[in-house]
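Reviewing the structure listed below.
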Amino acid sequence: MNRPVFKTTAKKAPQPNFTVEFEAGETIFKEGDLGTEMYIVHEGKVEIVKDVQGEPRQLAVLEKGDFFGEMAILEDLPRTASARALTAVKLLLINGATFDQMLRGNPEIAVRMMRKLSRRLRETDKQLKEALGSGAAS
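To convert, take the position in the sequence shown, counting from 1, and add 193; that gives the numbering used here.
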């Protein structure tokens, strides 16, 4: 079940002043960058890539309704992976203050984000176990 966390991206056009666009192949942000905003995919596809032993490894492909970059505003730490446009993309840009307002105004967003983050953690755990050759599941 891949329901968009942010329903507004599934039905309405984003506010023009919060929209950013990238062409296919363009870097949205790099691993290690300081980040003060997160993004919601409105159109197109974004890949999340992590440098593993000097080689880029694709962690995820995100589509309409998916969000990314949230860790930087939740933890106030540098980006843990890079994001690159796989296709031409239109993204909704959300800074920390706007994110706080959204959560206060609509707590359901926080619940949906936690569910999505839990699925991502479970998938990362699975990938890690496969990489380490362990068949045990948690």
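Cβ atoms here follow ideal geometry from the backbone N, Cα and C, with glycine treated the same way.
- Taking the Cα positions, M307 is about 31 Å away from G247.
- The secondary-structure analysis by DSSP pairs E316 with nothing; it has no beta-bridge partner.
- Three or more beta-carbon pairs separated by less than 8 Å link the region 284 to 295 to the region 212 to 229, which places the two stretches in contact.
- The DSSP-derived three-state label of L286 is strand.
- Sequence-distant Cβ neighbours of R297 in its own chain, meaning closer than 6 Å and more than five residues away, do not exist here.
- With a cutoff of 8 Å on beta-carbon distance, I221 and R277 are scored as near each other.
- Setting aside the 5 residues that flank it on each side, E224 is surrounded in the same chain by K243, D244, R272, T273, A274 and S275, each with a C-beta closer than 7 Å to its C-beta; the list follows chain order.
- Taking C-alpha positions only, N288 is separated from F261 by approximately 12 Å.
- Here DSSP, grouped into helix, strand and coil, assigns Q294 to helix.
- Comparing alpha carbon positions, the residue from P249, A217 and R250 closest to K238 is A217.
- Closest by C-alpha distance to E219, out of I266, L321, T229 and I241, is I241.
- Here Q251 is bridged, per DSSP, to V242.
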